[in-house]
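Numbering (the numbering used here), first residue to last: 8 to 108. To start, the structure under review is shown below, and the notes come after it.
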């Protein structure tokens, strides 16, 4: 079973930096390629661009938690939650699309 994981394509865990504007400030986020692919998929499922999704996620997390000690880790766990099936329902998706417009 470990061969499935050990034999994965190294391209998937290649580090990629993206510049994202959050709260009016440009910041660089470094994640593995697989996580960027998942964030692109999540954002698309919400009818948002990836930068807009990340910015909204950041704003909402600050509103709820007051601070984010490690935003890159939060993005990775967001991907894990998504893969585990924690997806917004139709009503939440419609609200997100209205907010994005």
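Ideal Cβ placement from N, Cα and C applies to all residues, glycine included. Note that the coordinates shown come from a computational prediction; the quantities given were computed from them, not determined experimentally.
The C-beta distance from residue 53 to residue 60 rounds to 6 Å, short enough to fall under 8 Å. Of the candidates 71, 70, 99 and 46, the residue whose Cα lies closest to the Cα of residue 84 is 46. Taking the CA atoms as reference points, residue 78 sits about 15 Å from residue 57. The beta-bridge partner set that DSSP reports for residue 24 consists of 37. Residue 99 and residue 11 have their C-alpha atoms roughly 35 Å apart.
Rounded to whole angstroms, the separation of the alpha carbons of residue 36 and residue 76 is 14 Å. Residue pairing by DSSP places residue 29 opposite 32 in a beta bridge. By the neighbour-count definition (other C-beta atoms within 10 Å, threshold 16), residue 90 is an exposed residue. With fewer than 16 other beta carbons inside 10 angstroms of its own, residue 71 counts as exposed.
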